[in-house]
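Throughout, the working numbering is defined as the position within the sequence shown, counted from one, plus 2.
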Amino acid sequence: MKLLIAQPRLEKELRQLELEMMNHPEADVIIFPEGYINHNIDCACELARKYSKIIISGYKKPKDRAVVIDRDGKLLLDRAKYEDTKLVGVEGNVIGVMLCDELVLQGMSNLQPTNILFIVHPIGVGMFSEEQFAEWVGEARKYAIQYKTVIIGTSHADGSFRDSEVSIPIAYCMDEEGTDIFISKNDTKTRIVTLETRPGCSVINLA
């Protein structure tokens with residue numbers, strides 16, 4: 003399974019989402035930040051169907067919601083931020099989604115460790131300090147180890163938290179032992195992770 007991890011700019015439409023789909027036909031899963039889809043959920047579903055992609059991101063209705071859309075454009079997950087975490091089955095695999103500061107406020111809502119293929123952490127905007135960057139990466143590592151699963155996070159390339167003068171775009175991927183596959187700070191290029199499952203472990207390759 004190939005997972006595309008994007009750090010788009012904030013926008014009202016979904017041009018960058020469609021561009022990533024067009025440019026990376028090999029990708030199975032498209033991971034975009036919290037709130038990127040904005041109010042364009044119907045359009046996102048249509049793009050998932052058109053390009054046969056799984057989309058994991060967030061949208062607003064009117065507040066932030068976690069969303070997983072399958073290749074047929076069907077909403078598999080539509081959860082309001084700060085509601086209890088729900089696991090979702092995607093093509094025979096189980097995944098989890100934490101939105102932005104849920105990482106530090108509620109985590110996986112005390113779900114018992116189970117056979118989760120990966121956890122996605124869509125983040126709204128960049129970190130407002132180096133200390134926050136380090137804290138969030140550290141918390142993500144704890145969940146990778148606790149749930150023995152891959153965890154992936156990504157923020158927008160621009161925007162700031164409450165008009166902070168500092169905005170550090172972040173993206174990361176860690177394996178089930180908490181080992182870094184990559185940690186990105188102020189580097190907003192698109193990355194593709196290939197995830198293969200074998201008995202007792204996951205094999206990850208980064209492009």
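Ideal placement from N, C-alpha and C gives every residue a C-beta, glycine not left out. None of these values were measured; they are calculated from a predicted model.
query: For the beta strand (DSSP E) that methionine 110 lies in, which residues bound it at each end?
result: Along the sequence shown, read from residue 1 onward, the residue named residue 110 stands at position 108. Careful: methionine 110 lies outside any beta strand (DSSP E) and carries neither H nor E.
Next on the checklist: For the alpha helix (DSSP H) containing methionine 23, name the first residue and the last one.
Outcome noted: By 1-based counting over the sequence shown, the position of residue 23 is 21. 17 to 25 is the span of the alpha helix (DSSP H), which, as asked, contains methionine 23.
Does DSSP classify lysine 62 as helix, strand or coil? Counted from its first residue, the sequence shown places residue 62 at position 60. If DSSP states are grouped into helix, strand and coil, lysine 62 belongs with the strands.
Could you name the residues of the same chain whose beta carbon sits closer than 8 Å to that of aspartate 30, not counting the 5 residues immediately before and after it, in chain order?
Position 28 of the sequence shown holds residue 30. Taken in chain order, the residues that qualify are Met3, Lys4, Leu5, Lys55, Ile56.
**Prompt:** In terms of DSSP beta bridges, what is cysteine 175 paired with?
**Reply:** Taking the sequence shown and counting its residues from 1, one reaches residue 175 at position 173. The partner list for cysteine 175 (beta bridge, DSSP) reads Ile154, Phe184.
Problem set entry | Backbone CA spacing between glutamate 104 and glutamine 134 [nearest angstrom] | Within the sequence shown, numbered from 1, the residue matching residue 104 stands at position 102. Within the sequence shown, numbered from 1, the residue matching residue 134 stands at position 132. Cα to Cα, the separation comes out at about 14 Å.
- [ ] Go ahead and pull the three-state DSSP assignment for leucine 49.
- [x] As a position in the sequence shown, residue 49 is number 47, starting the count at 1. Here leucine 49 sits in helix by DSSP.
Practice task
Could you check the C-alpha separation between valine 90 and threonine 192 for me, to the nearest Å?
Solution key: Counting from one through the sequence shown, the residue named residue 90 turns up at place 88. Counting from one through the sequence shown, the residue named residue 192 turns up at place 190. Roughly 25 Å separates the two Cα atoms.
Fill in: Per DSSP, cross-strand counterpart(s) of arginine 81
Walking along the sequence shown from the start, residue 81 turns up at place 79. Ala68, per the DSSP bridge assignment.
- Item | Residues of its chain near aspartate 66, where Cβ-Cβ distance is below 7 Å and the 5 sequence neighbours each way are ignored | As a working note, residue 66 is residue 64 in the sequence shown. For aspartate 66, where only same-chain residues beyond five positions count, the Cβ hits under 7 Å are Glu36, Gly37, Gly60, Lys83, Leu101.
Exercise. Could you check the C-alpha separation between glutamate 167 and glycine 94 for me, to the nearest Å?
Key: Translated into positions along the sequence shown, residue 167 becomes position 165. Translated into positions along the sequence shown, residue 94 becomes position 92. Those two C-alpha atoms are separated by around 43 Å.
Collapsed DSSP secondary structure at phenylalanine 135 in the structure displayed
Start at 1 with the first residue of the sequence shown, and residue 135 comes out as number 133. Helix at phenylalanine 135.
Query raised in the report: beta strand (DSSP E) containing phenylalanine 120: first to last residue?
Result: Residue numbering aside, residue 120 sits at position 118 when the sequence shown is read from its first letter. Where phenylalanine 120 is concerned, the enclosing beta strand (DSSP E) stretches over 120 to 124.
If you check the beta carbons only, do serine 157 and glutamine 9 fall under 8 Å apart?
-> Locating residue 157 in the sequence shown gives position 155, where the first residue counts as 1. Locating residue 9 in the sequence shown gives position 7, where the first residue counts as 1. In contact: serine 157 and glutamine 9 (Cβ atoms closer than 8 Å).
### Helix, strand or coil at glutamate 141 according to DSSP, with G and I counted as helix
Along the sequence shown, one-based indexing puts residue 141 at 139. If DSSP states are grouped into helix, strand and coil, glutamate 141 belongs with the helices.
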